[in-house]
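Structure first, commentary second.
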Amino acid sequence: MQASERAVQGLAGSRVRRRQVRDASLHPIIDKLEAGERLGFEDGVALYRTHDLATLGILANRVREGKNGGVAYFNVNRHINHTNICVTGCSFCAFAKKPRQEGAYRMTIEEIAGKAVPAPGERWEEIHIVGGLDPGFSFQDCLEMLRAIRAVNPSVHLKTLTLVEVDYYAKRERKSPQEILEALREAGMGSLPGGGAEILGEELRRKICPNKISGQRWLDLARIAHQMGIRSNCTMLYGHVEAIEDRVDHVLRLRELQDETGGFMAFIPLQFNKHNTPYEHLPDVTGEDNLKTLAVSRLLFDNIDHIKVYWIMVGLKIAQAALWFGADDLDGTVVEERITHDAGATTPVGVGLEDLLHLIRKAGRVPVERDSLYGVRQVYA
Ligand code: V47
Numbered sequence: 001m002q003a004s005e006r007a008v009q010g011l012a013g014s015r016v017r018r019r020q021v022r023d024a025s026l027h028p029i030i031d032k033l034e035a036g037e038r039l040g041f042e043d044g045v046a047l048y049r050t051h052d053l054a055t056l057g058i059l060a061n062r063v064r065e066g067k068n069g070g071v072a073y074f075n076v077n078r079h080i081n082h083t084n085i086c087v088t089g090c091s092f093c094a095f096a097k098k099p100r101q102e103g104a105y106r107m108t109i110e111e112i113a114g115k116a117v118p119a120p121g122e123r124w125e126e127i128h129i130v131g132g133l134d135p136g137f138s139f140q141d142c143l144e145m146l147r148a149i150r151a152v153n154p155s156v157h158l159k160t161l162t163l164v165e166v167d168y169y170a171k172r173e174r175k176s177p178q179e180i181l182e183a184l185r186e187a188g189m190g191s192l193p194g195g196g197a198e199i200l201g202e203e204l205r206r207k208i209c210p211n212k213i214s215g216q217r218w219l220d221l222a223r224i225a226h227q228m229g230i231r232s233n234c235t236m237l238y239g240h241v242e243a244i245e246d247r248v249d250h251v252l253r254l255r256e257l258q259d260e261t262g263g264f265m266a267f268i269p270l271q272f273n274k275h276n277t278p279y280e281h282l283p284d285v286t287g288e289d290n291l292k293t294l295a296v297s298r299l300l301f302d303n304i305d306h307i308k309v310y311w312i313m314v315g316l317k318i319a320q321a322a323l324w325f326g327a328d329d330l331d332g333t334v335v336e337e338r339i340t341h342d343a344g345a346t347t348p349v350g351v352g353l354e355d356l357l358h359l360i361r362k363a364g365r366v367p368v369e370r371d372s373l374y375g376v377r378q379v380y381a
């Protein structure tokens, strides 16, 4: 065996030194992991309850390196939020505005296309487009928006519209989700982002987003997309009024669907930002919770290849640490972001390629630029 092979095996297959595990309640979980057994609901809850963050990191990192080695994926992307007008009224969302509310905006197709043209020396592999459920932005507008972007930037991958928007347009157009997704695909959609999942449990959903599609509907739409060969991501909004049990239940529901379809590329925990929402009184989400949530997700999701840390929400410093707590993917250059910043995020709205490379290298990982479907574009050795 080559030394390099031994090193990789050692990282992925080594046994945890039991004397260094501070929390004895983790021993049965470590036994399961070492036996290659799948973790269950109670295991997920116990992992969240532990304060032995060091052991949690070691366990998650072992799985992470077993799946993805020592690389950190990233993509050169840009976000566009074409409208913030939304009729849903989710309590956690500071981005959404009612049609005549101050601060409401809807971009014209020309404005959107203008944002899709990179400045000289700039390039994007992917444009991530999501907006509100806006009665003034029709499905035809959506299709025109994609075609207009394609016309000015033919090679860019369009990761566009959440399943919530797909459902909205299916109902408005009296069409099946399949018809909506097919039309989007024909207009240039390449994959679906993971937004709108929030917390899938219906009871919690009734509290935070009573007018949004149900958790079951979100899963059913993801299944439909995957059956059509459309890949997607999945997310979880955490750090508001949910309990740890809601988070574990959420992940297990997604894992069950992934067993069936294999269509999810990445899981992205989204840290709740509370400003300009009714939850301003809640404590801030801590760095410990960010790292724990990523690590527990990595350990529960034995069937999803990638765990993505979205630095826009957790900050660049936690994002670096996250690359040792289960995350193997860092999103991204972003350029312009509104959803989190309207909720008071103090992170930048975008980061340059060189800065991203520096952050990844300083964290001790090898930066790998990927395309939207995790094809390798460039390894920055
Ligand atoms: O669905 C809304 C969340 C999501 C707040 O698929 C909030 O690669 C924090 O889905 N604080 C949209 N979060 C963003 C999203 C996403 C982001 C990055 C990558 C990908 C991907 C998807 O943002 C919404 C909602 O869950 N959100 N309000 C808030 N106050």
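Heads up: the sequence shown runs through residues 1 to 381, numbered per the numbering used here.
Built from N, CA and C at the ideal position, the CB exists for glycine as well.
A266 and M236: beta carbons closer than 8 Å?
-> no
For L200, collect the residues of the same chain with a Cβ closer than 6 Å to its Cβ; drop the 5 residues on either side in sequence, then sort them by chain order.
-> G215, H250, R253
Assuming N276 and V314 make a contact with CB atoms under 8 Å, what is their CB distance in whole Å?
-> About 19 Å; that fails the 8 Å criterion.
Where the alpha helix (DSSP H) through D220 begins and ends | 215–227
The ligand V47 heavy atom lying under 7 Å from the CB of F95 | yes
Going by alpha carbons, who is nearest to L161 out of D141, T333, V117?
-> D141
Extent of the continuous beta strand (DSSP E) to which L158 belongs | 157–160
Check D284 in the structure and name its three-state DSSP category.
-> coil
Would you mind giving the Cβ-Cβ distance between L158 and M189, rounded to the nearest angstrom? I have them listed as a contact below 8 Å.
-> 5 Å
Unbroken beta strand (DSSP E) run spanning D329, endpoints = 329–331
Boundaries of the alpha helix (DSSP H) in which C234 is found, first to last residue | Segment 232–238 is the beta strand (DSSP E) holding C234; no alpha helix (DSSP H) there.
Would you call the region 271–286 and the region 31–49 touching, i.e. three or more CB-CB distances under 8 Å?
-> no
Residues of its chain near I208, where Cβ-Cβ distance is below 6 Å and the 5 sequence neighbours each way are ignored = S91, F92
Confirm, please, whether the CB-CB distance from F74 to L373 is below 8 Å.
-> no
Beta-carbon of V379 versus every beta-carbon of chain C: anything under 8 Å?
-> Annotation note: the requested chain C is absent from the structure, which comprises a single protein chain.
In terms of alpha-carbon separation, which member of Q320, N303, V152, E260 lies closest to K362?
-> Q320
Any contact of the region 298–311 with the region 324–332, i.e. 3+ C-beta pairs under 8 Å?
-> yes
Between which two residues does the alpha helix (DSSP H) harbouring G190 extend?
-> No alpha helix (DSSP H) holds G190; the beta strand (DSSP E) holding it covers 189–191.
Between the beta-carbon of F272 and the beta-carbon of G239, is there less than 8 Å?
-> yes
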